[in-house]
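In the numbering used here, the protein residues as written are 1 to 293.
Note that CB positions come from ideal geometry on N, CA and C, so glycine has one too.
Remarks on the structure that follows.
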Amino acid sequence: MKKQTVIIFCAIFFFAMFCISAVNAADVLAMDIKTMSFNVRVDIGGGWSGRRDKVVKIMSDQDADIIGVQEALSHQVAHIQAGLPKYANYSVGRNDGFQDGESCGIFYKKDRFTLSDKGTFWFSNTPDKASQGWDAWPRICTWVYLTDKTTGKSFYVYNVHLAAFFASGARYKSAELLAERVAARKTSDPFIVMGDFNMKTTSKGMKYLLNHEGNTSYARLTDAWTTIHPGTRGPRYDHITMSKEIRPLNVELDKRKASDHYALVANLQIAAPILAAEPKAAEIDLINTPVQN
């Protein structure tokens, strides 16, 4: 019976090795995510009531998995949320950290993602409390840490609206703080940084943030538009950028007019580990089969 015992244990061992090698051969899968960055324009003389449904339609038609909005007041966020019931959102006003002032809210599909963490910081010398920094207005970054319910892959999304075009010094300081906060995130998971930066990719602040010159502790970031459409003429101030684990598949502007910005839409791909499958009944029976000796 000892020979039979050895044969059974060998069979179990080689079966286990086969399963492990099969997982190692394809232990990651491509997780596609559609993202949108959209400055919807603050409702101050902008005729929000006449364009709000256009904003929602653009978002609904694009059907992005994650949407970052800029300049949205609380009632604008509420209207967008009402028109997009399959999304949840995290949004705070820049003036008080609650509902007062413009926001950089992030909408995400609630059937696909779990919100694992979230936060907002201010571009100022006191970033962890509502404050005005290096610009005439308070400026914020809102971020979320999402986990894909299918793959189990987690990643960060940062959404910003930096100082206006005439405040280059404020934007550079903001880029430094943003890079510092991204580098200090709680886990090493991939990240996306999107928003209205009010900077071209060739500007000093964007070069710092993208780590073109090795200033940050993270690897050089990818700008979706520059990668997919190199050599495009004209200034661009809205960007979707990403860490080295993420690659852009395509990027476009939705040129329907509903704001003073077009919606920027990018399809991205993240390498994600395959979740371990539950063992089948036959496999359980094999493992639990008593050995006679």
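If you run the structure through DSSP and keep just helix, strand and coil, what is residue 21? Any reading at residue 21 must be qualified, since the residue scores a pLDDT of 44, below 50, and its modelled position is unreliable; no value is offered.
Residue 215 versus residue 200: straight-line alpha-carbon distance, rounded: 18 Å
Go ahead and pull the three-state DSSP assignment for residue 290. Confidence in residue 290 is poor, its pLDDT being 41 and thus under 50, which makes the residue's placement unreliable; the coordinate value appears in the next sentence. In the structure shown, residue 290 sits in coil (DSSP, three-state: anything other than H, G, I, E or B).
Cβ neighbour criterion (16 or more within 10 Å) applied to residue 125: exposed
Within the continuous beta strand (DSSP E) that includes residue 146, where are the two ends? 140-148
DSSP state of residue 222 mapped onto helix, strand, coil: strand
So, with DSSP's three-state summary, where would you put residue 109? strand
Residue from 148, 133, 211 and 86 with nearest C-alpha to residue 294: Coverage of the chain is limited to positions 1 through 293, which leaves residue 294 absent and any answer about it impossible.
Test item: CB-CB of residue 266 and residue 35 under 9 Å: yes
By the DSSP assignment, the alpha helix (DSSP H) with residue 233 in it spans what residues? Note, residue 233: premise wrong, no alpha helix (DSSP H); not H, not E.
Could you check the C-alpha separation between residue 38 and residue 91 for me, to the nearest Å? 14 Å
Enumerate in chain order the residues of its own chain whose CB-to-CB distance from residue 310 is below 7 Å, with the five nearest sequence positions on each side excluded. Nothing about residue 310 can be reported from this structure: the residues present for the chain run from 1 to 293 only.
Run through DSSP, which three-state label would residue 269 get? strand
Burial state of residue 61 (16 or more Cβ within 10 Å): exposed
Between which two residues does the beta strand (DSSP E) holding residue 247 run? 246-254
Who are the Cβ neighbours of residue 227 in its own chain at under 7 Å, not counting the five residues just before and after it? 248
Per-residue DSSP class, three states only, for residue 52: helix
Taking Cβ positions, are residue 40 and residue 80 nearer each other than 9 Å? yes
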